[in-house]
Every structure is written in C-alpha cells, then in structure tokens.
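Remarks on the structure that follows.
Have a look at this one:
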C-alpha cells in the first residue's frame, strides 16, 4: 500500500503562496538608502540655522523651520516642508533625548581677591540651577585676572578664584570629580589692556556647565 | 632655535616616535564628550568591541554609538555639540578635534541608520567649514543649527 499523494495542484499552490510571502523580505525593490533631513528650530532658543544637503546629483539649501529634503543616491535633493506631526513621529524620541543645552557664566571678583563682587554673588544661584538641570553635569571653571601684578602671582590668583568657585559648587552638593578648576592667569583678557592696568571685567571666573 | 638644534629635535622626534606612539594613542584618546542620557539598550562600539553604555561614560573620537529597539542615547561633546539617537539607530563619531588655542577644530559625524538629532556647538561657530554630517545618500553641511536626520539603509 502506498500513502495517498497530495494533489499536485495543491502542492503548487502552497509552494507559490510560500514563495510570494517570502518575496517582499528577500527581494528589495528599492535597495538605495533613503535619507531624510529636516531643519528644526532650536528647542531652547527657537533659532533656525541653515543646512545644505548635497550629493553627486545636486544640492538644496534648507533655511526655514521644518524645511526638509528626502534624498536617495543619485537623485537631486529637493526641499519641501515637513509636517510637525511627521517630525514628531520620525524624531520625537531623539528630540526628547537631547541633553539640556550647555550654559556659560562669568562671575567677577574684587581687586586682588578671591571674593566675589556683590553683583556676581547673586548670579551664583543661576550657576547652581544650571548644574542641577544637567543629568550628568560637567563643570569647567577657569580663573582669570587683570594685568596688575606679576604674571606668576596672577596665575596663582586665578587659581584661588577658580578654587573658591569650586568650593561653592561642592558646598551646594556637586561632586568634586565633576569639576575641572584651572587658571589662565592674565593670559586671556576679557577687555584688552596694556600690562599693569586695573580692569574689573578681567578679574573673573568663566564657568561652563554642560 | 638654530638650524642645528632644530635638526637635532627632528631627529630626536623621529627616533622616539615609533616606540612612544602606541602608549600615546591609548593615553591621548582624550574624551570627545560624555553620555548624558541613556535608556534601554545602548552601546558604544570601540575598537571592534560592543560595549553596553551608561549615562556618565565618556565618548571618544571614532566611537560608534548604537541603540537597540528600545534604546535612546543623548551625548554632549566638549565643544557643546549635542547629538541624540532614537531607537534602532547608529551614528559614528569619525572626527572630533577641539583645541581652539591651536586652531585644531573639526567634526565629522556619520549617520549610518535610524533617527538622530544634531545641535551645533563651538566648532560650528569657530570653524563652520570643518563640519560634515555624512549619510549614505548625501552630505549635510549644517551651520549653527539643529538638524534631524533619518537614514533607512
């Protein structure tokens, strides 16, 4: 006795159905990489910059908020406007994952001292707030002086100023490892002066919080 | 410097470079930036090794950033440039040069696949021509801007 053989037509249909189900996965109709570029207004400042997208076939300039282009190899990029709903769908998660913007502060000091001016003492809170806004803060503190006094002692004064700010940050709860405190002495003036000139604007600490 | 001492310096450099280079390459791979936000599966591919990544870790020049199906990653570079990746994405940090005092500035990012956002930093202000955002189909020259790029490879 032999087992009943399935009808040949059924076998053909099953095989055909199986092959066609595989087809979209195995045969790519469009093997070229597809790229979309969209110019966004800065999430923090609202500013819109400029971007030029180019390939061998040509170039297009994006200069308005949400202007975008879809490019594949060899096709000239053309600008069009992307709907904000599409921006959200394509890039929502990436946009939500941007770290907070780095911020820069300048605190001023009394003459020949690591004591902050009255005005700058009020700005310390702004620095602390920006530190707290960062998920993993990196703080760079650079001490500067004016050109009165010797270069070497100004380097030390700049370091005392940077160290004083560092101590303030540590007191506010920031870990010492997150702070890089340095001195540039009188080498980087905010206001250019000759040597030996009293200049309050040069007696400062510049802080980057990122 | 006299000509003779200059020649001596060059000769000294030529002699010492071959032995010093490997150690230098390791210690001088100064951090380009730091991972600030990481969620889900995220990796840094460094020297062929795929390392699971966490917030707080440093990112080096020539690292590749990768996210899995549920991954998201946000980094800030030393020049204030910010880059974030959505899920299933890959971006390579080909070049990062940021030594303003020596005017050594440059940033080349390669968007390999997925979705990512770039927000320009100091390099874009100081040397806008040195920035290239590369994709498999086009090059993006971004000036002081926030740009989102999607690549379907």
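Residue numbers (this note's numbering), protein chains in the order written: chain A, 878 to 1087; chain B, 71 to 223.
Glycine is no exception: its CB is placed at the ideal position from the N, C-alpha and C atoms.
Remark: C-beta atoms of residue 1062 (chain A) and residue 1038 (chain A) do not approach each other more closely than 8 Å. Contacts with chain A (Cβ-Cβ distance below 9 Å) from the region 202-221 of chain B involve 203, 205, 206, 207, 208, 209, 210, 211, 212, 213, 214, 215, 216, 217, 218, 219, 220, 221, listed in chain order. By the Cβ rule, the region 942-951 of chain A does not count as touching the region 967-978 of chain A, because fewer than three pairs are nearer than 8 Å.
Restricted to the region 1003-1076 of chain A, the beta strand (DSSP E) segments that are unbroken, complete and at least 3 residues in length are 1016-1021, 1056-1062, listed in chain order. Ranked by how close their Cα comes to the Cα of residue 208 (chain B), the residues B:155, B:105, B:223 have B:223 in first place.
Taking C-beta separations shorter than 7 Å and ignoring five residues to either side along the sequence, the partners of residue 1065 (chain A) in its chain run 1021, following chain order.
Interface criterion met: the Cβ of residue 156 (chain B) is under 8 Å from a Cβ in chain A. Take the alpha-carbon of residue 1050 (chain A) and the one of residue 1005 (chain A): they are about 9 Å apart. Note that the C-beta distance between residue 975 (chain A) and residue 217 (chain B) is not below 8 Å. Excluding sequence positions up to five before and after residue 152 (chain B), its CB lies within less than 6 Å of the CB of 146, 189, all in the same chain and listed in chain order. By the rule that beta-carbons nearer than 8 Å mark a contact, residue 949 (chain A) touches chain B.
Following the DSSP letters along the chain, one finds residue 968 (chain A) inside the alpha helix (DSSP H) bounded by residues 961-973.
At a cut-off of 8 Å, the C-beta of residue 134 (chain B) has no neighbouring C-beta in chain A. Judged by DSSP secondary structure, residue 911 (chain A) falls within the beta strand (DSSP E) whose first and last residues are 911-917.
Annotated three-state conformation of residue 124 (chain B) is coil, per DSSP.
In this structure, residue 194 (chain B) places its C-beta atom within 8 Å of the C-beta atom of residue 213 (chain B). Within chain A, the C-beta atoms nearer than 7 Å to that of residue 150 (chain B) come from 979, 1087, in chain order. Under the DSSP assignment, residue 980 (chain A) falls outside any alpha helix (DSSP H), being part of the beta strand (DSSP E) whose first and last residues are 980-985. Taking a cut-off of 8 Å on C-beta distances, the region 928-935 of chain A does not touch the region 984-1000 of chain A, as fewer than three cross pairs fall below it.
Excluding five sequence positions before and after residue 928 (chain A), the CB atoms of its chain that fall closer than 7 Å to its own CB belong to 914, 916, 939, given in chain order. With a cutoff of 8 Å on beta-carbon distance, residue 162 (chain B) and residue 182 (chain B) are scored as near each other.
In this structure, residue 1086 (chain A) lies near residue 1016 (chain A), with their beta-carbon atoms less than 8 Å apart.
Inclusion of residue 124 (chain B) and residue 105 (chain B) in the CB contact set at 8 Å is warranted, their separation being smaller than that value.
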